[in-house]
Structures are given as C-alpha cells and as structure tokens.
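Participant:
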Amino acid sequence: MKFDFNVIVVQLPWLLKGAELTLSVSLLGIFFGTLVGVALALAQQSAISPLLYFVRVYISFIRGTPLFIQILIVFFILPSIGIDISRFTSGVVALSLNSGAYISEMIRGGLTSIRRGQIEAGRALGMPRPLIWRRIILPQVFTVILPPLTVEFASLLKYSALLSVIGVVELTRTAQQIIAATFKPIEIWLTVGVLYFIMCFALGVLTRRIERATTIYRLS
Amino acid sequence: MNLDFTVFTFGLPILLKGLGNTILFCAISIVCGFVIACLIALCRLSRRSFLRLPALWFVEVFRNTPFLVQAFILFFAFPRLGVRIDATVAGIMVLSLYAGAYFSESIRGAILSVPKGQIEAARALGMPYLRAMRCIVLPQSLGYLLPATTNQIIGVIKDSAALSVITVPELSMAAQVVLGESFSPVETYVMVAILYWALTACVAAMMAYFERRVAAAAVATTSESARFATAGKSH
Chain F
1 MKFDFNVIVV QLPWLLKGAE LTLSVSLLGI FFGTLVGVAL ALAQQSAISP LLYFVRVYIS
61 FIRGTPLFIQ ILIVFFILPS IGIDISRFTS GVVALSLNSG AYISEMIRGG LTSIRRGQIE
121 AGRALGMPRP LIWRRIILPQ VFTVILPPLT VEFASLLKYS ALLSVIGVVE LTRTAQQIIA
181 ATFKPIEIWL TVGVLYFIMC FALGVLTRRI ERATTIYRLS
Chain D
1001 MNLDFTVFTF GLPILLKGLG NTILFCAISI VCGFVIACLI ALCRLSRRSF LRLPALWFVE
1061 VFRNTPFLVQ AFILFFAFPR LGVRIDATVA GIMVLSLYAG AYFSESIRGA ILSVPKGQIE
1121 AARALGMPYL RAMRCIVLPQ SLGYLLPATT NQIIGVIKDS AALSVITVPE LSMAAQVVLG
1181 ESFSPVETYV MVAILYWALT ACVAAMMAYF ERRVAAAAVA TTSESARFAT AGKSH
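Order-wise, the sequence lines are chains F and D.
When the count follows our numbering, it moves up by one through the first sequence with no breaks and lands on 220 for the last residue.
When the count follows our numbering, it moves up by one through the second sequence with no breaks and lands on 1235 for the last residue.
1. Excluding the 5 residues flanking residue 220 (chain F) on each side, which residues of the same chain have their C-beta closer than 7 Å to its C-beta?
2. Could you round the C-beta distance between residue 52 (chain F) and residue 46 (chain F) to whole angstroms and report it? I think they count as a contact, below 8 Å.
3. Would residue 14 (chain F) count as contacting chain D if we go by Cβ distances under 8 Å?
4. If you measure from the beta carbon of residue 1073 (chain D) to each beta carbon in chain F, is any gap under 8 Å?
5. Name the chain D residues whose beta carbon is nearer than 7 Å to that of residue 183 (chain F)?
6. Please tell me whether residue 197 (chain F) has its Cβ less than 8 Å away from any Cβ of chain D.
7. Quick check: residue 73 (chain F) and residue 1196 (chain D), are their CB atoms within less than 8 Å of each other?
8. Can you tell me the Cβ-Cβ gap for residue 993 (chain D) and residue 1218 (chain D), rounded? I've got them flagged as a contact below 8 Å.
9. Quick check: is the beta carbon of residue 1210 (chain D) nearer than 8 Å to any beta carbon in chain F?
10. Quick check on the burial criterion: 16 or more other C-beta atoms within 10 angstroms. Buried or exposed for residue 1209 (chain D)?
11. Counting only Cβ-Cβ distances shorter than 8 Å, please list the residues of the region 1072-1098 of chain D near chain F, keeping chain order.
12. Near residue 1056 (chain D), which residues of its chain fall below 8 Å by C-beta distance, leaving aside the five closest residues on each side in sequence?
13. Taking the alpha helix (DSSP H) that residue 1183 (chain D) belongs to, which residues open and close that run?
14. Quick one: which residues of the region 1171-1200 of chain D get their C-beta closer than 7 Å to a C-beta of chain F? List them in chain order.
15. Give me the Cβ distance between residue 1092 (chain D) and residue 1028 (chain D), rounded to the nearest whole Å; I'm assuming they're in contact under 8 Å.
16. Does the beta carbon of residue 165 (chain F) come closer than 8 Å to any beta carbon on chain D?
17. Use the C-beta contact count for residue 1099 (chain D): other C-beta atoms within 10 angstroms, 16 or more gives buried, fewer gives exposed.
18. Please list, in chain order, the chain F residues whose beta carbon lies closer than 8 Å to that of residue 1147 (chain D).
19. Give me the Cα-Cα distance between residue 1234 (chain D) and residue 1220 (chain D), rounded to the nearest whole angstrom.
20. I'd like to know if the region 69-87 of chain F and the region 157-167 of chain F are in contact, where contact means that at least 3 CB-CB pairs between them fall below 8 Å.
21. For a cutoff of 8 Å on Cβ pairs, would you count residue 28 (chain F) as touching chain D?
22. Answer yes if the region 134-143 of chain F comes into contact with the region 77-97 of chain F, meaning at least three C-beta pairs across the two stretches below 8 Å, and no otherwise.
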C-alpha cells in the first residue's frame, strides 16, 4: 500500500474545476431556493385554504423524503411531461425545490421576530400589503435569517454531491471520472473530502461572522 | 404522460423488502451512532485536550464533508488496507460514524443545558462521574435531547438513501432493481418517496409520543416537589 501524491498534483486542476461547478450549482440552488421559500411563506400567510393545504403537504414531502430521491424524480419527471432541460438545470431545480421548503420554514420563524406594531403602523400610514412586505417585513426577516441561510448554503454544497448520480459533472462526478481513468480511489476521494471540507469550513466561519454582525437586529 | 400502474403491483414487494433493509440498517446505525456520540460528547466536554481536540476534529470532519464522499472513502479504504468488507457492513459503519458526529452535538448541548451545580452537587456527594451523568444529568436533559434527536434520526434515514451508490441493498437500491425490470422511473421513484415519507412520518410520530411522555413525567415530578415544598411550609 503506497499513497500516490503525484496523481493528486496532476489531477488537482480538474478537481478545482469540479469544485467551481459545485459552488455555482449550490449558489444557484440557494438563490432560487430563497425565491421558492419566499413564495411558500407568502402562500402560508394567505387565507386561501387549498393553497395552504398544498404548501403544508409540499413542505412535509420535501422534509420527509431523501434529497437523493427528489433529485431523481425531478430528473425523470421533467422530460416525461415534455420539458427538455440539461442535467445541470434539472439539478438546480431539484436543489431549489428542496431548499425552498427549508427556507420557507426559516422565514416563518423570522416573521415572529417582527413586532405587530410595525405592520399596524404601516397599515395606519395607508401602505398597501405588498408594500408592507417589501419595505418592512422582508428586509428585517432577511437580516434575521441570514445566518441560517448560510448554514443552508453549506448544507446544499454538501448535498450537491448527490447530483453526481444524474451526471452533473461537479466535484464528486469529476472525481469518479478521474478514478475511472487512474484507479486511485483513496487518493482522489481524500482530496475531494479535503476540498469540500475547506469550502464548508470557510462557510461556517462566515456564518459565525454574520451571526455576530446581525445580533443587533434580533429581538431580545 | 402515461402512468405505468403495472410497476405498482410487481415492484412493490421488492421495494418493501428494500424498506425493511433500510429500517434494519438505520436502526443498527442509530444505536451504534448513539454510543459513539455519547463517547464523543463526553470527550468534547473533557478538560484534557488529548481527548477534546480529536473529538472536535472528528465532528468537524464529518459535518463539513458530504455523506456520499465519506461513504466512498470508507468503502475504498478497507480493500486498500487489505481487508475484504461487505458493502452493507461498510455502509452501516459510515452511517454510524456520521450519525455519531451529528448526535454528539445535541448530546453535548443537552448536557450543557443542565445547570453545572447539579453535577457538582452529585460529585460532592461522592457519586462517580458516569453515574452522575446517568442519574442526574440524563433525566433532566431529555426534554432538550428528544426534539433535537428526532430531526437527526430522520436525517439519518434520509441520508441512508445515498448508500445505494456503494451498492448497499436498501430501499433506493431496490428502486434500481425495479427499474432494471421495467423502465418506469417516475412511478418507481414516486413510490419510493412515498415509502420514505411514511417511514419518516412514523418515526416523527413515535418520537412525539416519547416527548409527550417525558413532558408529562416532568410535570408530575415538578408538581410532586411543589406539593412537598408547600407541605413543608405548613408545618
């Protein structure tokens, strides 16, 4: 048993390219996930009961089933209803739909941190509901949920490894391709593990920074 | 889009067998993970840095890398060390370690949630450390521990789906077997999703039941001690 450092050095540029794709797929995932999350949170505030019921079932489904299966369902269901999209887009859709459910729960929690008086004041000044959401509620909710949002980003970054099964050539898939050519699984997987660790650990540090910076906005 | 209902009749027995395996593997991993987590949590709370730092790194490594990559590393590490190992054993091992790392954080939080004076009092009365943990700290921290563990157990069940990639014969692997016979991926994976959904819902309901029991017990003890307190005053 010999550890081959040479293969790591030679393949590192390819792995870094894969890491770049991992980062971009999870960034897109968290961005569209936030949009989905806001939409779900708004729907939950509405008084239309079928909509409310749908959102509740949707969140329960996303939270109760593995992301692995959700990715495969999205990947196979979109072509079968006539939507032809790339593996990358399908991966982004799956990640967004998944994180959207979790983010909507965060927003719901964040909404409790807003004093009722602020909304009442907005109403008293004659602001319409959408304006109250845009100017008063959402900006405050986002400062409060920013730390959990970065945690969710780190989590998406880790779970994006599952996109390798539908053939998105991100870090994990790149590693599989390199291993198929070089037969050095341990060297490559350990390097991949280190790359993921660096990205997630850096995000963890960032989370703690943001947490400190946003404490002043929190209700005590 | 036409739904292929024949998959339901012929695929279901295979999927149910896979579900049984998923339950079995997860149950073993959760029990092993809990034992690992207790050790890790106690090490992390230790004053000795040769216990605390390795435990901290263990948790950081498992929490900051994808489960899939952990599974691949462990799966390929054994043959490299000259040990032949079954994919299932490797899968249960990595799931236990992964669960252990996550559980240890909530156990640590639960231990810290109990006021320090409690364990100091127990130690002052001559109670050994582990006994004080079990008799004094554990019962008081259950109210904190159970809700946190519920989410983590459900997380372990969901993450176990990725083990199919290293050919562990659980529910997701069973889906691939069904797909090999009839190519109806949407129906098959939706069915698999529903089975996972049912499993996680059952686990959540079970844990909620335990939580209610613990809460009821806590209320009973508090009211009892309150009665003692008032009884004491009236004398």
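We put the beta carbon where it would ideally sit given N, CA and C, even for glycine.
Facilitator: Based on what the coordinates show:
1. With a pLDDT of only 48 at residue 220 (chain F), under 50, the local geometry of the prediction cannot be trusted, and the value read off the model is given with reservation. Cβ neighbours of residue 220 (chain F) beyond the five flanking positions: none.
2. 7 Å
3. no
4. yes
5. Result: empty, since nearest Cβ-Cβ is about 11 Å, beyond 7 Å.
6. yes
7. no
8. Outside the shown range of chain D, which is 1001 to 1235, sits residue 993 (chain D), and nothing can be said about it.
9. no
10. exposed
11. 1072, 1073, 1076, 1077, 1080, 1081 and 1082
12. 1044
13. No alpha helix (DSSP H) holds residue 1183 (chain D); DSSP gives it neither H nor E.
14. 1172, 1185, 1186, 1189, 1190, 1192, 1193, 1196, 1197 and 1200
15. 5 Å
16. yes
17. buried
18. Correct list: empty, because the minimum Cβ distance to chain F is about 15 Å.
19. With a pLDDT of only 46 at residue 1234 (chain D), under the threshold of 50, the placement of this residue in the model should not be trusted, and no figure is reported.
20. yes
21. no
22. no
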